[in-house]
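Shown next, in structure tokens, is the structure this report addresses.
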Amino acid sequence: AQTVTQSQPEMSVQEAETVTLSCTYDTSENNYYLFWYKQPPSRQMILVIRQEAYKQQNATENRFSVNFQKAAKSFSLKISDSQLGDTAMYFCAFGLAFVTFGKGTHLIIQP
Amino acid sequence: KAGVTQTPRYLIKTRGQQVTLSCSPISGHRSVSWYQQTPGQGLQFLFEYFSETQRNKGNFPGRFSGRQFSNSRSEMNVSTLELGDSALYLCASSADSGRRNTIYFGEGSWLTVV
Chain G
33 AQTVTQSQPE MSVQEAETVT LSCTYDTSEN NYYLFWYKQP PSRQMILVIR
83 QEAYKQQNAT ENRFSVNFQK AAKSFSLKIS DSQLGDTAMY FCAFGLAFVT
133 FGKGTHLIIQ P
Chain F
16 KAGVTQTPRY LIKTRGQQVT LSCSPISGHR SVSWYQQTPG QGLQFLFEYF
66 SETQRNKGNF PGRFSGRQFS NSRSEMNVST LELGDSALYL CASSADSGRR
116 NTIYFGEGSW LTVV
């Protein structure tokens with residue numbers, strides 16, 4: 033079974049700073065997808081970014097980028113120029129037959 | 016394009032009762048997945064339906080069941096409710112099933128069991 037580990041339960045940074053959220057996963061598969069989802073206080077889960085395992089190039093979406101290290105089974109999320117609206121739970125997820133989620137990192141952006 | 020719609024949004028049930036939650040996927044999406052979210056266990060996969068067939072199932076007791084209709088709408092049912100079933104139940108839809116999934120979530124159904 034696939035597992036996803038997020039080792040940082042909570043992080044807090046100042047507005048405009050850059051923050052990196054960590055994620056590791058365990059799988060014996062070679063072709064899979066990885067995701068970061070954001071869950072603000074409204075509890076609506078929002079897709080932030082997606083990475084296909086067969087692509088070496090790291091995915092980027094505006095201020096959000098990932099560092100995908102396939103051999104190390106690591107998939108970190110970098111948020112640049114953080115904004116107050118980035119305050120949320122962030123979930124790393126692994127997609128194969130279905131999507132498996134980590135426990136989440138609560139990110140707080142301080143004004 | 017309308018998003019994933021879940022009903023009801025909030026409900027309170029008594030131990031021993033049963034509950035049915037409904038999910039309408041994004042138009043054109045044929046796969047529907049259900050997740051249970053609790054503070055202690057996080058997001059746990061319940062099951063996935065694709066073209067009216069259950070494709071995958073998580074590690075939940077048989078009290079949790081689901082189905083999907085020909086229009087891709089899905090329902091999940093929990094029978095003989097227990098206090099521990101109190102949770103946010105999230106439905107997600109995707110165009111296809113399997114590893115190419117990008118799943119899109121609804122706003123969830125908050126279930127409180129008293």
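Each protein sequence line maps, in turn, to chains G and F.
Read in order, the letters of the first sequence correspond to residues 33 to 143 in this note's numbering.
Read in order, the letters of the second sequence correspond to residues 16 to 129 in this note's numbering.
Where is the CB? At the ideal position from N, CA and C, for every residue including glycine.
Simplified DSSP state of residue i, which is helix, strand or coil
i: residue 58 of chain G; result: strand
i: residue 81 of chain F; result: strand
i: residue 57 of chain F; result: strand
i: residue 127 of chain G; result: strand
i: residue 116 of chain G; result: helix
i: residue 26 of chain F; result: strand
i: residue 98 of chain F; result: helix
i: residue 44 of chain F; result: coil
i: residue 20 of chain F; result: strand
i: residue 33 of chain F; result: coil
i: residue 118 of chain F; result: coil
i: residue 85 of chain G; result: coil
Alpha carbon of residue i to alpha carbon of residue j, nearest angstrom
i: residue 105 of chain G; j: residue 133 of chain G; result: 15 Å
i: residue 53 of chain G; j: residue 119 of chain G; result: 13 Å
i: residue 63 of chain G; j: residue 128 of chain G; result: 8 Å
i: residue 85 of chain F; j: residue 44 of chain F; result: 12 Å
i: residue 22 of chain F; j: residue 123 of chain F; result: 8 Å
i: residue 122 of chain G; j: residue 67 of chain F; result: 31 Å
Listed by chain order, chain G residues near residue i by CB distance under 9 Å
i: residue 123 of chain F; result: 75, 76, 77
i: residue 103 of chain F; result: 75
Per-residue burial, residue i [other beta carbons within 10 Å of its own, 16 or more giving buried]
i: residue 70 of chain G; result: buried
i: residue 39 of chain F; result: buried
i: residue 100 of chain F; result: buried
i: residue 121 of chain F; result: buried
i: residue 65 of chain G; result: buried
i: residue 102 of chain F; result: buried
i: residue 81 of chain G; result: buried
i: residue 74 of chain F; result: exposed
i: residue 47 of chain F; result: buried
i: residue 63 of chain F; result: buried
i: residue 107 of chain G; result: buried
Chain F residues whose Cβ lies nearer than 8 Å to that of residue i
i: residue 131 of chain G; result: 48, 60, 107, 116, 118
i: residue 105 of chain G; result: Residues of chain F passing the Cβ test: none, with the nearest at roughly 16 Å.
Where residue i meets chain F, residues with beta-carbon distance less than 9 Å
i: residue 123 of chain G; result: 57, 58
i: residue 136 of chain G; result: 57, 58
Amino acids of chain F, ordered along the chain, whose beta-carbon sits closer than 7 Å to that of residue i
i: residue 82 of chain G; result: 117
7 Å Cβ cut-off: residues of chain G touching residue i
i: residue 63 of chain F; result: 130
i: residue 71 of chain F; result: 129, 130
**Study point:** Selection of the segment 35-60 of chain F by Cβ proximity to chain G, strictly under 7 Å
**Key:** 48, 57, 58, 60
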